[in-house]
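Only one structure is covered here, and it is reproduced in the block below.
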Amino acid sequence: MLHQISGSIAVAKAIALCRPQVIPCYPITPQTHIVEHLSTLVKSGQLQNCAYENVDSEFSSMSFCIGASAAGARTYTATASQGLLYMMEAVYNASGLALPIVMTLGNRSIGAPINIWNDHSDAMSARDAGWIQLFVESNQQAVDVHIQAFKLAEALSLPVMVNMDGFILTHAITRVDMPDQQQVDEFLPPFVPRQQLDTAAPLSIGAMVGPDAFTEVRYLAHHKQKEALSIIEQQAEEFAEIFGRDSGGLVKSYDAEEAELVIVTMGSVVGTLQELVAELRAQGQSVGILSLRSFRPFPALAICRLLQNAKQLIVFEKSFAVGMGGILASEVHMAVQSHKLQIHSVIGGLGGRTISKKSLHRMIEQAFNGTLAAEVFLDLDEATVEAELQRQQDDQTSGPAAENILRDMGVVSASKTH
Amino acid sequence: MSKCEQDMPTEQKVKFYQTGTFTVGNRLLDEEFRTVQATQERSNSIDSGHRACQGCGQALGARYALDAAMRATDNHIIAANATGCLEVFTTPYPETAWSIPWIHSLFGNAAAVVSGIAARLKAEGDTQTRVVAQGGDGGTTDIGLGCLSGMFDRNDDVLYICYDNGGYMNTGVQRSSATPGGARTATTMPVGEHPGSSFNTGKFLPSIAMAHEIPYVATASVHDLHDLERKVEKAMSFRGSRYIHINVPCPLGWGSEPALTIKLARMGVECGLVPLFEAESGELTASTKIRYQIPVEDYLKLQRRFSHVLKPANSDELEAIRALAQKNIRRFNLR
Numbered sequence: 048m049l050h051q052i053s054g055s056i057a058v059a060k061a062i063a064l065c066r067p068q069v070i071p072c073y074p075i076t077p078q079t080h081i082v083e084h085l086s087t088l089v090k091s092g093q094l095q096n097c098a099y100e101n102v103d104s105e106f107s108s109m110s111f112c113i114g115a116s117a118a119g120a121r122t123y124t125a126t127a128s129q130g131l132l133y134m135m136e137a138v139y140n141a142s143g144l145a146l147p148i149v150m151t152l153g154n155r156s157i158g159a160p161i162n163i164w165n166d167h168s169d170a171m172s173a174r175d176a177g178w179i180q181l182f183v184e185s186n187q188q189a190v191d192v193h194i195q196a197f198k199l200a201e202a203l204s205l206p207v208m209v210n211m212d213g214f215i216l217t218h219a220i221t222r223v224d225m226p227d228q229q230q231v232d233e234f235l236p237p238f239v240p241r242q243q244l245d246t247a248a249p250l251s252i253g254a255m256v257g258p259d260a261f262t263e264v265r266y267l268a269h270h271k272q273k274e275a276l277s278i279i280e281q282q283a284e285e286f287a288e289i290f291g292r293d294s295g296g297l298v299k300s301y302d303a304e305e306a307e308l309v310i311v312t313m314g315s316v317v318g319t320l321q322e323l324v325a326e327l328r329a330q331g332q333s334v335g336i337l338s339l340r341s342f343r344p345f346p347a348l349a350i351c352r353l354l355q356n357a358k359q360l361i362v363f364e365k366s367f368a369v370g371m372g373g374i375l376a377s378e379v380h381m382a383v384q385s386h387k388l389q390i391h392s393v394i395g396g397l398g399g400r401t402i403s404k405k406s407l408h409r410m411i412e413q414a415f416n417g418t419l420a421a422e423v424f425l426d427l428d429e430a431t432v433e434a435e436l437q438r439q440q441d442d443q444t445s446g447p448a449a450e451n452i453l454r455d456m457g458v459v460s461a462s463k464t465h
Numbered sequence: 061m062s063k064c065e066q067d068m069p070t071e072q073k074v075k076f077y078q079t080g081t082f083t084v085g086n087r088l089l090d091e092e093f094r095t096v097q098a099t100q101e102r103s104n105s106i107d108s109g110h111r112a113c114q115g116c117g118q119a120l121g122a123r124y125a126l127d128a129a130m131r132a133t134d135n136h137i138i139a140a141n142a143t144g145c146l147e148v149f150t151t152p153y154p155e156t157a158w159s160i161p162w163i164h165s166l167f168g169n170a171a172a173v174v175s176g177i178a179a180r181l182k183a184e185g186d187t188q189t190r191v192v193a194q195g196g197d198g199g200t201t202d203i204g205l206g207c208l209s210g211m212f213d214r215n216d217d218v219l220y221i222c223y224d225n226g227g228y229m230n231t232g233v234q235r236s237s238a239t240p241g242g243a244r245t246a247t248t249m250p251v252g253e254h255p256g257s258s259f260n261t262g263k264f265l266p267s268i269a270m271a272h273e274i275p276y277v278a279t280a281s282v283h284d285l286h287d288l289e290r291k292v293e294k295a296m297s298f299r300g301s302r303y304i305h306i307n308v309p310c311p312l313g314w315g316s317e318p319a320l321t322i323k324l325a326r327m328g329v330e331c332g333l334v335p336l337f338e339a340e341s342g343e344l345t346a347s348t349k350i351r352y353q354i355p356v357e358d359y360l361k362l363q364r365r366f367s368h369v370l371k372p373a374n375s376d377e378l379e380a381i382r383a384l385a386q387k388n389i390r391r392f393n394l395r
């Protein structure tokens with residue numbers, strides 16, 4: 048049924064359709080509306096047989112999920128940014144213990160400087176945490192992928208993190224086709240845990256493992272993620288059959304197969320790119336988009352297959368490894384190393400900076416005319432950077448860079464106090 | 061006076077004093093008063109073969125506490141464990157000493173993990189199965205305090221047991237916020253001014269638990285296992301959050317003879333440094349009276365961690381420890 052609805056409310060409704068039994072919550076912008084709405088759904092009885100708890104921190108929240116999931120509950124929570132970092136020890140633990148928890152990450156930058164707006168730094172901080180990490184382009188996909196996330200998590204006995212861009216998706220009111228309960232029940236059977244704390248069949252979970260078996264246990268985690276590559280595709284097909292819409296498997300291609308220039312990216316920026324690329328293709332330019340819906344497992348083969356005819360790649364991402372560069376770029380580089388492609392790493396949209404169609408257009412033009420550098424920070428204000436570098440060179444006690452820059456811009460009036 | 065003592069005929073009470081050590085052997089009691097742990101039918105939460113040190117107070121305390129919890133729930137009990145000695149010595153891969161469903165997640169999250177288990181039971185409408193969380197003093201009073209306070213605030217239906225041996229013994233005896241003032245640890249060596257652990261303002265978790273006004277708080281000691289069992293059983297008769305703080309001597313960290321674990325546990329109580337009491341909804345309801353008060357020095361001198369405190373140059377430290385014992389006696393009504 049069609050709704051004009053915010054991304055967060057749509058996701059909350061989709062989660063409720065999945066019949067979770069335990070939901071701990073802790074507020075952090077921009078995911079808060081999801082857990083707020085779930086609280087109402089539980090309290091009003093629209094979501095039954097579900098324990099919803101306000102807990103004392105994100106660390107507690109993920110730990111609460113660990114206990115609930117180990118006890119056999121279908122378990123859900125949501126977080127973002129600093130919240131993910133605060134729960135990180137438990138994030139690794141949940142995947143290490145192979146617990147099929149589903150968590151939404153309303154993608155947001157990481158401080159300092161503190162910044163509540165969207166980028167993918169939080170998701171990337173968990174890239175080695177052993178979770179399945181899925182990204183969505185739209186709120187329709189957010190709904191569809193969350194429903195698939197439970198099925199995937201439970202099939203593999205692994206936690207799944209669904210990444211949706213903070214504000215851009217969570218707060219955007221768009222048209223969403225909400226599934227009905229019957230469809231969801233048909234797609235998603237009741238949870239049968241692979242391991243469960245049960246007094247009728249006692250077992251110990253979380254024992255210490257020494258050098259004698261640690262490698263094998265960790266390898267199995269890697270193996271499981273590789274298994275997920277085929278299960279994600281298979282479940283996407285099952286989903287399309289029942290719900291009558293394709294919300295993508297491992298990757299989504301927008302004319303990537305035959306394009307000479309392919310932009311590889313993840314998340315909501317695909318919306319802007321789609322519009323731009325359609326216009327450019329109409330003008331005869333050979334350009335396409337490859338959107339990763341699965342980041343973990345990393346779909347290296349699927350990427351390779353779709354880039355058979357590409358000559359140039361732009362890997363566009365909303366985060367980077369400081370001191371190294373684009374994270375997605377280096378992973379794509381590894382995946383296509385046999386292709387002899389020219390690869391540009393473009394980093395943009397950090398801390399919520401608008402990614403304009405105009406800037407993206409310029410980036411594509413530069414790629415075609417050979418002037419796009421190997422590493423680019425989209426719309427970087429070089430004068431501001433130069434001024435701060437000069438200040439640091441001139442004055443050993445120049446103070447915090449963030450505040451200096453804001454003062455230069457006239458955003459804050461505070462004067463240097465020392 | 062424990063419930064067991066109260067129920068005994070007067071002539072039998074006398075037998076408690078016959079051995080001269082304030083202890084009484086099982087065989088001196090009438091059968092009905094003997095410990096259930098002496099029967100073959102006893103519950104058995106932690107099996108033999110685990111890797112605890114000789115004279116480990118925690119191994120003893122945990123087994124009696126969990127066995128009592130098993131009996132109180134007709135074996136419908138699930139346990140969560142913080143990282144620490146108990147976790148390590150009971151689950152050396154690929155073995156486990158636990159005969160009940162048991163989970164270890166992290167150092168600081170046992171209270172939240174167990175709350176998650178309780179939430180699942182609540183969602184299922186399972187009122188028969190109960191849950192217990194366990195941690196050492198570091199996992200409880202330091203790194204796990206946030207999760208524990210949250211659990212108390214939500215009044216989740218959980219019994220949390222802290223085995224307090226006064227330090228991070230599993231990592232090699234470092235100071236925790238439960239380390240007694242003056243005690244030597246690897247991070248508070250007896251050097252310089254104010255040797256040993258700082259006294260600070262104190263972080264006595266039973267009082268913090270009481271401040272949350274949870275249904276039941278108790279302290280216990282491994283020298284009086286009947287009292288410990290009774291407190292666990294009583295805790296299981298409540299719904300909501302319950303907290304039991306058990307003083308467990310640690311030969312490794314205390315520098316004491318393994319054979320003296322029970323004696324030291326008793327002396328800690330008898331000198332006033334380990335108050336035994338119960339509280340309900342934030343109010344003190346019962347205290348175990350000290351029968352023969354002993355000087356704190358008698359207790360301290362059996363532990364190498366306090367050897368420097370007994371030197372004349374450190375009389376300030378000794379005085380501060382004496383003052384703490386007196387304060388406990390006043391505050392918890394121990395005389």
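Going down the list, the protein sequences come from chains A and B. Numbered by the working numbering, the letters in the first sequence go through residues 48 to 465 in order. Numbered by the working numbering, the letters in the second sequence go through residues 61 to 395 in order. Backbone N, C-alpha and C fix where the C-beta goes; we use that ideal spot for every residue, glycine too. If you're wondering where the values come from, they're calculated on a predicted model, not measured in any experiment.
TODO: Would you check if the stretch 193-212 of chain A and the stretch 143-151 of chain A touch, i.e. whether three or more CB-CB distances between them fall below 8 Å?
DONE: yes
Task: Cβ-Cβ separation, R190 (chain B) to H254 (chain B) (assumed contact under 8 Å), whole Å - done: So it is not a contact: roughly 45 Å between Cβ atoms.
Task: Beta-carbon proximity check, G168 (chain B) vs I221 (chain B), cutoff 7 Å - done: no
- [ ] Would you verify that the beta carbon of T200 (chain B) is, or is not, closer than 7 Å to some beta carbon of chain A?
- [x] no
Task: Any chain B beta carbon closer than 7 Å to C72 (chain A) - done: no
Task: Euclidean distance between Cα positions of S128 (chain A) and R400 (chain A) - done: 16 Å
- [ ] Determine, using beta carbons only, whether G395 (chain A) comes closer than 7 Å to chain B.
- [x] no
- [ ] Have a look at P237 (chain A) and G114 (chain A) and give me their C-alpha separation to the nearest angstrom.
- [x] 19 Å
Task: Under the three-state DSSP convention, the category Y123 (chain A) falls into - done: strand
Open item on the list: For the structure I just gave you, are there three or more beta carbon pairs, one from the stretch 54-65 of chain A and one from the stretch 208-226 of chain A, closer than 8 Å?
Closed with: yes
TODO: Check I215 (chain A) in the structure and name its three-state DSSP category.
DONE: coil
Task: Cβ of A179 (chain B) within 7 Å of any chain A Cβ - done: yes
Open item on the list: Any beta carbon of chain B sitting closer than 7 Å to that of P67 (chain A)?
Closed with: no
Open item on the list: With a threshold of 7 Å between beta carbons, is S175 (chain B) in contact with chain A?
Closed with: yes
Task: Y153 (chain B) classed as buried or exposed, judged by whether at least 16 other C-beta atoms fall within 10 angstroms - done: exposed
- [ ] Using a Cβ-Cβ cut-off of 7 Å, state whether T464 (chain A) counts as contacting chain B.
- [x] Reliability of the predicted coordinates at T464 (chain A) is poor, the pLDDT of 49 falling under 50, and the value obtained from them is presented with this limitation in mind. Taking Cβ atoms only, chain B never reaches closer than 7 Å to T464 (chain A), which makes this a no.
Task: C-beta neighbour in chain A for I304 (chain B), strict 7 Å - done: no
TODO: Going by DSSP, name the residue or residues bridged to S281 (chain B).
DONE: B:N307
Open item on the list: Is the separation between the beta-carbon of G313 (chain B) and that of G227 (chain B) shorter than 7 Å?
Closed with: yes
TODO: Please work out which residues of its chain come closer than 8 Å, Cβ to Cβ, to G396 (chain A), disregarding the five sequence neighbours upstream and downstream, and give them in chain order.
DONE: N165, D166, V316, K365, I402, L425
TODO: Identify, in the order they occur along the chain, each residue of the same chain with its Cβ nearer than 8 Å to the Cβ of K404 (chain A), setting aside the five sequence neighbours on each side.
DONE: T319, E322, L323
Task: Touch test, the stretch 291-302 of chain B against the stretch 228-241 of chain B, Cβ-Cβ under 8 Å, three pairs minimum - done: no
Task: Positions along the stretch 140-166 of chain B whose CB lies within less than 7 Å of some CB in chain A - done: A140, V148, T151, P152, Y153, T156, W158, S159, I160, P161, W162, I163, H164, S165, L166
TODO: Please compile the residues from chain B whose C-beta is within a distance smaller than 9 Å of the C-beta of E136 (chain A).
DONE: L166, F167, G168, N169
- [ ] Go through its chain and collect everything with a Cβ distance to H110 (chain B)'s Cβ below 6 Å, but skip five positions before and after it.
- [x] F149, T150, A157
Open item on the list: Can you tell me where the beta strand (DSSP E) holding S341 (chain A) begins and where it ends?
Closed with: 341-343
Open item on the list: Bridge partners for K299 (chain A) per DSSP, in chain order?
Closed with: A:S338
TODO: Give the interface partners of T189 (chain B) over in chain A, defined as CB-CB distance under 8 Å, in chain order.
DONE: T246
TODO: Decide if I161 (chain A) is buried, meaning its Cβ has at least 16 other Cβ atoms within 10 Å, or exposed.
DONE: exposed
Task: Per DSSP, cross-strand counterpart(s) of G141 (chain B) - done: Note on identity: in this sequence residue 141 (chain B) is Asn, with Gly being the wrong assignment. N141 (chain B) pairs with B:H164, B:Q194.
TODO: For chain B, find out if any of its Cβ atoms is closer than 7 Å to the Cβ of D103 (chain A); answer yes or no.
DONE: yes
Task: According to DSSP, residues forming a beta bridge with I394 (chain A) - done: A:E364, A:F424
Task: Distance between Q97 (chain B) and M68 (chain B) (C-alpha atoms, nearest Å) - done: Confidence at M68 (chain B) is low in this model, with a pLDDT of 48, below 50, so its placement is unreliable and no value can be given for it.
Task: Beta-ladder partner(s) of W158 (chain B), from DSSP - done: B:I106
- [ ] Identify which residue in B:L181, B:R180, B:A140 has its Cα closest to the Cα of Q194 (chain B).
- [x] B:A140
Task: Distance CB(I279 (chain A))-CB(S341 (chain A)) smaller than 7 Å - done: yes
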